[in-house]
Amino acid sequence: MIDHTIQTRIENAARACGRDGASVQLVAVSKTQPEEKIDAALRAGLCVFGENRVQEAQKRWTARRADYPDLSLHLIGPLQTNKVADAVALFDVIETVDRPKLAHALAAEMRAQNRALPCFIQVNTGDEAQKAGCSVADLPGLLQLCRDLGLNITGLMCIPPVQDDPAPHFRLLRDLAERHDLPCLSMGMSADFETAIAHGATHVRVGSALFGARG
Ligand SMILES: *Cc1c(COP(=O)(O)O)cnc(C)c1O
Numbered sequence: 001m002i003d004h005t006i007q008t009r010i011e012n013a014a015r016a017c018g019r020d021g022a023s024v025q026l027v028a029v030s031k032t033q034p035e036e037k038i039d040a041a042l043r044a045g046l047c048v049f050g051e052n053r054v055q056e057a058q059k060r061w062t063a064r065r066a067d068y069p070d071l072s073l074h075l076i077g078p079l080q081t082n083k084v085a086d087a088v089a090l091f092d093v094i095e096t097v098d099r100p101k102l103a104h105a106l107a108a109e110m111r112a113q114n115r116a117l118p119c120f121i122q123v124n125t126g127d128e129a130q131k132a133g134c135s136v137a138d139l140p141g142l143l144q145l146c147r148d149l150g151l152n153i154t155g156l157m158c159i160p161p162v163q164d165d166p167a168p169h170f171r172l173l174r175d176l177a178e179r180h181d182l183p184c185l186s187m188g189m190s191a192d193f194e195t196a197i198a199h200g201a202t203h204v205r206v207g208s209a210l211f212g213a214r215g
């Protein structure tokens with residue numbers, strides 16, 4: 001039910017560019033997948049999952065947490081400020097910080113809940129009007145604001161435009177992370193995670209290749 005070759009493909013892609021497979025974390029994107037596939041993934045030992053909606057993730061994961069203490073949940077979808085309290089309570093990593101208002105809300109909520117979650121800034125590398133993520137031009141200012149607010153920004157995340165060759169976007173994200181001393185890079189999905197690893201991805205977000213097509 002779960003495609004066990006994904007972890008092997010990650011390790012092979014890492015080795016092919018002289019990296020250690022352990023330097024790439026598989027984030028299993030479980031959004032909209034049926035419950036039995038989630039349970040199969042947990043039984044197979046996967047423990048890092050990505051969800052793009054706060055409420056759907058709450059329903060799915062709140063009870064399972066008790067049985068899987070090693071679980072790590074990444075929010076990979078856009079976050080509205082009215083859901084920040086629930087997101088901070090549930091998730092372990094927020095990958096989609098993309099604007100000052102959200103940074104302020106997250107910092108305040110993490111203080112209130114006494115939870116210091118690692119965060120990524122999502123960068124809209126394709127400058128797509130409708131897509132979430134801060135522009136490349138706004139990144140330095142947003143990063144400085146996050147740091148001033150005490151947010152623990154560990155890396156950058158991107159979703160390249162579907163019609164583009166993803167490689168230049170991965171290269172750009174890597175350059176930006178290096179320039180700003182950020183160690184983590186969340187990039188690469190089912191169709192392109194091996195390319196992303198060749199460009200330095202530390203986190204690959206894989207859904208359909210792992211679980212099958214979403215319903
Ligand atoms: C759905 C989603 C993925 C996984 O996509 P697949 O192509 O199914 O691997 C990765 N990242 C984000 C942000 C997503 O929303």
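Under UniProt numbering, the first residue of the sequence shown carries the number 1, and numbering increases by one thereafter.
All C-beta atoms in this analysis are idealised placements derived from N, C-alpha and C, irrespective of residue type, glycine included.
Locate the alpha helix (DSSP H) running through residue i, then write down its first and last residues.
{"i": "Leu79", "result": "Segment: none, Leu79 is in no alpha helix (DSSP H) and carries neither H nor E."}
{"i": "Thr125", "result": "It is not in any alpha helix (DSSP H) - Thr125 carries neither H nor E in the DSSP assignment."}
{"i": "Arg99", "result": "Unbroken run through Arg99: none, as it is neither H nor E."}
{"i": "Gly141", "result": "Leu139 to Leu149"}
From the DSSP output, in three-state form, read off residue i for me.
{"i": "Gly21", "result": "helix"}
{"i": "Thr154", "result": "strand"}
{"i": "Cys199", "result": "Looking at the sequence shown, residue 199 is not Cys but His. Here His199 sits in coil by DSSP."}
{"i": "Ser186", "result": "strand"}
{"i": "Arg65", "result": "helix"}
{"i": "Val162", "result": "coil"}
{"i": "Arg214", "result": "coil"}
{"i": "Val204", "result": "strand"}
Mind checking who residue i pairs with in its DSSP beta bridge?
{"i": "Gly50", "result": "Val29 and His74"}
{"i": "Ile94", "result": "Leu75 and Cys119"}
For the beta strand (DSSP E) containing residue i, name the first residue and the last one.
{"i": "Gln122", "result": "Pro118 to Gln122"}
What separation, rounded to the nearest whole angstrom, lies between the Cα atoms of residue i and residue j?
{"i": "Arg111", "j": "Thr81", "result": "15 Å"}
{"i": "Met157", "j": "Arg147", "result": "17 Å"}
{"i": "Pro168", "j": "Pro140", "result": "20 Å"}
{"i": "Leu71", "j": "Phe211", "result": "18 Å"}
* Asked: Is it true that the region 195–210 meets the region 130–140, where meeting means three or more beta-carbon pairs spaced less than 8 Å apart?
  -> The region 195–210 makes no contact with the region 130–140; the number of CB pairs closer than 8 Å stays below 3.
* Asked: Taking three-plus beta-carbon pairs below 8 Å as touching, is the region 11–18 in contact with the region 41–54?
  -> The region 11–18 makes no contact with the region 41–54: fewer than 3 CB pairs, one atom from each, lie closer than 8 Å.
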